[in-house]
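Residues in the sequence shown are numbered from 8 upward in steps of one, following our numbering.
As structure tokens, the structure follows; a few thoughts come after it.
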Amino acid sequence: MNKRPVAFIILFLIAASCGEANKNNSLTKEEKEQGWTLLFDGESAKGWHLYNKKNTTAGWIVREGALAVDTVNKTEVNDLVSDREFKNFELQFEWKLSKNGNSGVFINVLERPDLTTAWASGPEYQLLDPAHVDNANPVKRAGTLFAIDSQKNKVAARPSGEWNYSRIKQVDGKVEFYLNGVLTVQEDLGAAAWQDSVARTHFKRFPEFGKRTSGHIALQDWASGVAFRNIKIKEL
């Protein structure tokens, strides 16, 4: 057997996999020209901190080019918050969950000592493994605005261990969610109808919830493992 072709194929596959890895957590020339910036560089948690804890990212690690919850060593639940605040923006990110995983991405988050969690102020883009029991609830599926807005157009999240692609767009409080290319939510955080919707949920007990149209972005540490990559944002 000629070993040279085999060796060549192996080297080609290694090079191809490295090339694919290098594409993650990076911007193309066109994206840079359009104003996109990375919120995760693929190597560190720079630009992030724990909610209400400015100088630490404990409980989160970078693993295989992804920003992930450290399910082995963490001792408490800690949401990860962007150092910067944003008002009008388009946010793109990829995410995957462990089996029966449940997580979320919050927008317009307010940090304050009397607010102990990100969800006390920030509406949540729900992330959920389709195998999770909550998937039976229309307002708790992936791509929904958690507990308030069900999917406008039905789309299933990919199963645990597979990467999903999400977008969040906000302009002057008008919000759109997308899951794997499908528009799932349209909401106006400045409308009276939004406040009426909030009043019908448990969030009515949190006076700061959904009141802002700017703030931090937060990644939820909840229940089990979640990982993010290719987190990028363009201010509008």
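Glycine included, each C-beta is placed from N, C-alpha and C at the ideal position.
- Straight through space, the alpha carbons of K106 and G66 are spaced by roughly 19 angstroms.
- Rounded to the nearest angstrom, the gap between the Cα atoms of A127 and Q41 is 33 angstroms.
- Here the alpha carbon of N62 sits roughly 14 angstroms from the alpha carbon of S51.
- Proximity of the region 88-101 to the region 222-236 meets the contact definition, three or more beta-carbon pairs being nearer than 8 angstroms.
- Looking from the CA of E118, the closest CA among V182, L57, L186, V233 belongs to L57.
- Using a 10 angstroms sphere on the CB of N171, the tally of other CB atoms reaches 16 or more, which defines it as buried.
- At a Cβ-Cβ threshold of 8 angstroms, E183 and V192 count as neighbours.
- A contact is defined here as three or more CB-CB pairs under 8 angstroms, and the region 137-145 meets this definition with respect to the region 161-169.
- At a Cβ-Cβ threshold of 8 angstroms, L45 and I238 count as neighbours.
- Residue pairing of E92 in beta bridges, as defined by DSSP: H223.
- In this structure, F100 is the residue among E38, L74, F100 with its C-alpha nearest to the C-alpha of K176.
- In terms of CA proximity to G180, G129 leads the group G129, K36, T64.
- Counting along the chain, V189 sits inside the beta strand (DSSP E) bounded by residues 189-195.
- Counting along the chain, no beta strand (DSSP E) covers S33, and no H or E run does either.
- Rounded to whole angstroms, the Cβ separation of R236 and F96 is 19 angstroms, and the two are not in contact under 8 angstroms.
- Taking a contact as a CB-CB distance under 8 angstroms, the pair K241 and W43 counts as one, their CB atoms being some 5 angstroms apart.
- In the DSSP assignment, Q158 falls outside any alpha helix (DSSP H) and carries neither an H nor an E.
- Between the alpha carbons of K103 and N109 lies a distance of about 10 angstroms.
- Taking the CA atoms as reference points, Y185 sits about 20 angstroms from N31.
- Here DSSP, grouped into helix, strand and coil, assigns W170 to coil.
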